[in-house]
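Visitor:
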Amino acid sequence: MSGPGSTLSCRAMGRELRRLRALAGLQQAEAARLAETSPQSIGRMEDGQYTRITSFQVSALCNAYRATKIERKIILALLTEARAAHKGQAEGGWWRAYADDFPADFDHYLALEDAALRTIIWKLAVVPGLLQIPSYRRAVAWSEHPEWSPEQVQKSIEISIRRQGRLDDPNFSMNVLLSEYVLHDLIGGKGVMRDQLYHLADVCERPNVSIRVVPYNASSHPGAVSGSFTLLEFPELQSTKKPEPPVVYVEGYTGALYLEQEAQILKYRRAVDQIGRVALDTDDTKRLILATAEEYEA
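For what it's worth, my numbering labels the leading residue of the sequence shown as 16, then goes sequentially.
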């Protein structure tokens, strides 16, 4: 990854433009009229999505919002960053070649994952995608999408393999907390589970990956009711000299949630801390993973 990507610059710019618009007391429709664009474009931009908008239009918004010189400078710099990064992603963002093979909201997640410095993952069921071997991924895909063709399943495997290249970046780290149930859920049969668990044991040796299991007999913790989630943390942006705020991704059966409010992030951080308190350490986790894998040998 050459930089934090257009996703982060767009998020920062959209957040600042929304703040200034609210201070100016303008509705999105009024802002759109002043910038000679559509209310939908204003909404997408404020939501952090890349939007084709000119510097002149952004300057018009800054005028309407009575932005200070410093605020205007930062917003225009973020626009420049977003354009440059978007061009780079359009040329080299691998996931764009698979845009027709996953839901639109997952395209957004892949962009966030590609930009993240660290991910913290809690899983009640199913090994995280970044750690799935092809045979396990195939079994998960058939289970989740029985209507898929063999070609679609193969695309899903290819996407999983490409995602795992993220682990080769020494600046990226991943902390995984797994319910012990994940080790015993017989996805794909005993042979697949055995190979998947041996792979997890191997990944435990990576310096930028931590895997810890929450055993069945652990004390109560919020992970039992929170559902599975991923907390993504991001690097500092050149224009703002501040890290982009984290995002919590909650994947549901019919869609996904992206949580960004400070109170929401704090609640999930507390959940991570409390789940971590009842999880095994990394050494005991590896022993448990290997022991469970050996059970599948029989």
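All C-beta atoms, glycine included, are put in the ideal place defined by N, C-alpha and C.
Hey, could you find the ends of the alpha helix (DSSP H) K205 is sitting in?
Guide: Start and end: K205 to V218.
Visitor: Are at least three pairs of beta-carbons, each pair with one atom in the segment 248 to 266 and one in the segment 77 to 93, less than 8 Å apart?
Guide: Cβ pair count under 8 Å is three or more, so yes.
Visitor: Out of curiosity, what's the CA-to-CA distance linking G58 and A99?
Guide: Computed Cα separation, rounded: 22 Å.
Visitor: In angstroms, rounded to a whole number, what distance separates the CA positions of A126 and G63?
Guide: Looking at the two C-alpha atoms, the distance is approximately 12 Å.
Visitor: Mapping the DSSP letters down to three states, classify E173 as helix, strand or coil.
Guide: In this structure, E173 counts as helix in the three-state DSSP scheme.
Visitor: DSSP state of V142, grouped into three classes?
Guide: Of the three classes helix, strand and coil, the one that applies to V142 here is coil, per DSSP.
Visitor: From which residue to which residue does the beta strand (DSSP E) around L193 run?
Guide: Note, L193: beta strand (DSSP E), S188 to S194.
Visitor: Output yes or no for whether 8 Å exceeds the beta carbon distance between I226 and V191.
Guide: Yes, the Cβ-Cβ distance between I226 and V191 is below 8 Å.
Visitor: Spatial neighbours of S12 within its chain, please: C-beta separation below 6 Å, excluding the five flanking residues on both sides.
Guide: This structure cannot settle anything about residue 12, because the visible part of the chain is limited to 16 through 313.
Visitor: Sort D210, F187 and A79 by Cα distance to P222 and report the nearest one.
Guide: Measuring from the Cα of P222, the nearest candidate turns out to be F187.
Visitor: Applying the 10 Å Cβ sphere with the 16-neighbour rule, what's the burial state of D129?
Guide: Buried, by the Cβ-count rule.
Visitor: Whole alpha helix (DSSP H) runs in the segment 23 to 79 with 4 or more residues, listed along the chain?
Guide: Segments of the alpha helix (DSSP H) lying fully in the segment 23 to 79: 43 to 50, 54 to 61 and 70 to 79.
Visitor: Given a threshold of 16 other Cβ atoms within 10 Å of its Cβ, counted over all protein chains shown, does L32 qualify as buried or as exposed?
Guide: Buried, by the Cβ-count rule.
Visitor: Mapping the DSSP letters down to three states, classify I202 as helix, strand or coil.
Guide: Coil.
Visitor: Within a Cβ cutoff of 6 Å, which residues of the same chain sit near I135, ignoring the five residues on either side of it in sequence?
Guide: So the qualifying residues of the chain are N190, L246 and V287.
Visitor: Let's see if you can read the secondary structure: which residues bound the beta strand (DSSP E) around S243?
Guide: No beta strand (DSSP E) holds S243; DSSP gives it neither H nor E.
Visitor: Could you tell me the alpha carbon to alpha carbon distance between P260 and E159, rounded to whole angstroms?
Guide: Roughly 31 Å between the two C-alpha positions.
Visitor: Decide yes or no for the touch test of the segment 196 to 205 against the segment 299 to 313: beta carbon pairs closer than 8 Å, at least 3 of them.
Guide: Judged by Cβ distances under 8 Å, the segment 196 to 205 makes contact with the segment 299 to 313, as three or more pairs qualify.
Visitor: Taking Cβ to Cβ, would you say Q211 is nearer than 8 Å to Y268?
Guide: Result no, Cβ atoms of Q211 and Y268 do not sit closer than 8 Å.
Visitor: Using 10 angstroms around the beta-carbon of E106, count the other beta-carbons present and answer buried if the total reaches 16, otherwise exposed.
Guide: Residue placement at E106 is poorly supported in this model, since its pLDDT is 46, which falls under 50; the coordinates still yield a value, given next. Exposed, since its Cβ has fewer than 16 Cβ neighbours within 10 Å.
Visitor: Would you check if the distance between the CB atom of I280 and the CB atom of V265 is smaller than 8 Å?
Guide: Not a contact, by the Cβ cut-off of 8 Å.
Visitor: Tell me, to the nearest whole angstrom, how far the beta carbon of L139 is from that of G238; I am working on the premise that it is less than 8 Å.
Guide: The Cβ separation is near 7 Å, so the contact holds.
Visitor: Tell me the DSSP secondary structure of A313 in three-state form.
Guide: Three-state result, A313: coil.
Visitor: Please report the residue range of the alpha helix (DSSP H) in which L281 lies.
Guide: E277 to V293 is the span of the alpha helix (DSSP H), which, as asked, contains L281.
Visitor: Report yes if the C-beta distance between S314 and T66 is below 8 Å; otherwise report no.
Guide: Given a span of 16 to 313 for the chain in the structure shown, any question on residue 314 remains unanswerable.
Visitor: What are the start and end residues of the alpha helix (DSSP H) that includes S150?
Guide: Unbroken alpha helix (DSSP H) run through S150: P149 to E159.
Visitor: May I ask which residues mark the beginning and end of the beta strand (DSSP E) holding E266?
Guide: V262 to E266 is the extent of the beta strand (DSSP E) around E266.
Visitor: Return yes when the Cβ of I304 is within less than 8 Å of the Cβ of A216, no when it is not.
Guide: Taking 8 Å as the Cβ cut-off, A216 and I304 qualify as a contacting pair.
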